[in-house]
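The structure under discussion appears below in the form of structure tokens.
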Amino acid sequence: MLAGCAHAVPAPCPASPRAEAEIERTVQAFYQALRTDDLGAFRRVTTARFYSFDGGDRYDGIALAELIRDARAAGRKFTWSVGPLDTQRQCNVAWTAWQNSGSAGPAGQVKPVTWLESAVLVHDGKAWKIDFFHSHRATAN
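Shown next, in the form of structure tokens:
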């Protein structure tokens, strides 16, 4: 009876340090693209259907990268430091979460910020790509 259950959880793929390292490189490349306003690099590490939730809004495609680029052009400063990733994987799909400690704000008013973030990645047969990204400011202690 359970064998035909539509809600059965698939067996996890074997642990793969290589896959986890590739996932971490993809997340780091995502931030590097944001740091350098490199929209081409941003597109290369995200899927065609990529979207994100950040600051209470939804951003489709490269809209998040454009928002950050435009904010930086207007004088806002951002630094990001991604903490250790907590990654789970089911073959070609992975989800990962981390704490991002950095700073943000207008020049001269930059303040420390901690974000709680997560992403869903998919492997397209060649590379891991971010399909969904979520960022939320952590509650100040």
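Here the sequence shown stands for residues 94 to 234, numbered as in the numbering used here.
We put the beta carbon where it would ideally sit given N, CA and C, even for glycine.
- If one requires a minimum length of 4 residues, no alpha helix (DSSP H) run lies completely within the segment 167 to 233.
- Annotation for residue 119: the continuous alpha helix (DSSP H) segment containing it runs 110 to 128.
- When the five nearest sequence neighbours on each side are left out, the beta carbons in the same chain lying within less than 8 Å of the beta carbon of residue 153 are those of 143, 144, in order along the chain.
- For residue 131, no beta strand (DSSP E) encloses it, and the DSSP letter there is neither H nor E.
- Its Cα nearest to that of residue 224, the residue 136 stands out among 233, 178, 136, 231.
- With fewer than 16 neighbouring CB atoms inside 10 Å of its own CB, residue 232 falls in the exposed class.
- Inclusion of residue 171 and residue 212 in the CB contact set at 8 Å is not warranted, their separation being larger than that value.
- Less than 8 Å separates the beta-carbon of residue 222 from that of residue 140.
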